[in-house]
Ligand code: CUA
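Residue numbers (the working numbering): 58 to 382.
What follows is the structure in structure tokens.
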């Protein structure tokens, strides 16, 4: 999470601007410290320097309070204004957004306290629902449409782009591009309630071929577990416990009927890196702990916990969820 370690051209522009502003701030700081040292100087002989009353005071006020800040701040203001104005058009050009439009449109909706993600393939029109993770093809700009379903959140992946607020009723656009494969952590950057701190998001940049294969997998329905396996038992628990009233699992009979946006789509939950929006690394044990003790792990989360469920059912349910890759 370091703005000054950019991993793509759009983040590079933000880092460049940060360095220019840091340099400008340093000039003012050094000049002020120089003035301070000057005023504290002790003249030879230990006598205070003679002071020329009001005229001297006014000169210092004008030089230190007006001329020096103006010399540094006005150029910085002009620089940031012109850079920012050129920003959106340059992003859109990079993303190939024009009459043809970009290939991928990714919408990210902030929710208390997770990220609902949809990929739309402009070529086929197919929409894929995901959660808490955004994957990108390396070296290709991807346009994000950011909004919120409840309160104001803020989308921030410091190594890939600047920070953009997610406001209910509005769609803000942002372009992400990563130059190297890797995992880039993001974080909600606007206080949005008690679990604001556990609202992390991961952006994973993949080589283009791997990205296409991943997206194809995500678009496919869940593979039904083998009859008689622990996963099949877990699937039965999933529907008995009415997990599917809130969580969609595409391909599961009755599993795609959850209201959109109610809770994360679980069709390929086992393939994600984390659960609970960055709360725990993905594993069967953590899935089990999450279902049983949601309110201990993330107090206030909308999901009710199932601490009363028997261990065998919990284990089977966790095995089923982990198998949904
Ligand atoms: Cu969402 Cu802070």
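For each residue, glycine too, the CB sits at the ideal point set by N, CA and C.
According to DSSP, residue pairing for residue 212 in a beta bridge involves 221.
If you draw a 10 Å sphere on the C-beta of residue 59, you find fewer than 16 other C-beta atoms in it, and that means exposed. Residues 129, 133 of the same chain have their beta carbon placed closer than 6 Å to that of residue 81, with the five preceding and five following residues left out of the count. By the neighbour-count definition (other C-beta atoms within 10 Å, threshold 16), residue 223 is a buried residue.
Sorting 71, 113, 95, 122 by C-alpha distance to the C-alpha of residue 85 places 122 at the top. In its chain, beyond the 5 residues on either side, 251, 252 have a beta carbon closer than 6 Å to the beta carbon of residue 357. The way I'd put it, the region 362-379 does touch the region 329-345; three or more beta-carbon pairs between them come closer than 8 Å. Boundaries of the alpha helix (DSSP H) around residue 128: 125-142. Secondary structure note for residue 77: its alpha helix (DSSP H) is the uninterrupted segment 66-97.
According to the DSSP assignment, residue 185 belongs to the beta strand (DSSP E) that extends over 184-188. Under the three-state reduction of DSSP, residue 325 is assigned to coil, being neither helix nor strand. When secondary structure is reduced to three states using DSSP, residue 312 falls in the coil class, being assigned neither helix nor strand.
Residue 70 sits buried, since 16 or more C-beta atoms from the chains shown fall within 10 Å of its C-beta. Between residue 231 and residue 246 a beta carbon distance of about 13 Å is seen, past the 8 Å cut, so the two are scored as non-contacting. Spatial neighbours of residue 256 in its own chain (CB-CB distance under 6 Å, excluding positions within 5 residues in sequence) are listed in chain order as 170, 245, 334. Taking each of 287, 225, 281 in turn and checking the Cα distance to residue 310, the smallest one comes out for 281. For the 8 Å CB-CB criterion, residue 88 and residue 125 form a contact.
In chain order, 371, 372, 374, 375 place their CB closer than 8 Å to the CB of residue 345, counting only its own chain and leaving out the 5 sequence neighbours on each side.
Distance from the C-beta of residue 247 to the nearest heavy atom of ligand 1 is below 7 Å. Residue 269 is bridged by DSSP to nothing; it lacks a bridge partner.
Residue environment analysis places residue 173 among the buried positions, since at least 16 neighbouring C-beta atoms fall within 10 angstroms of its C-beta. In the three-state scheme derived from DSSP, where H, G and I count as helix and E and B as strand, residue 174 is classed as strand.
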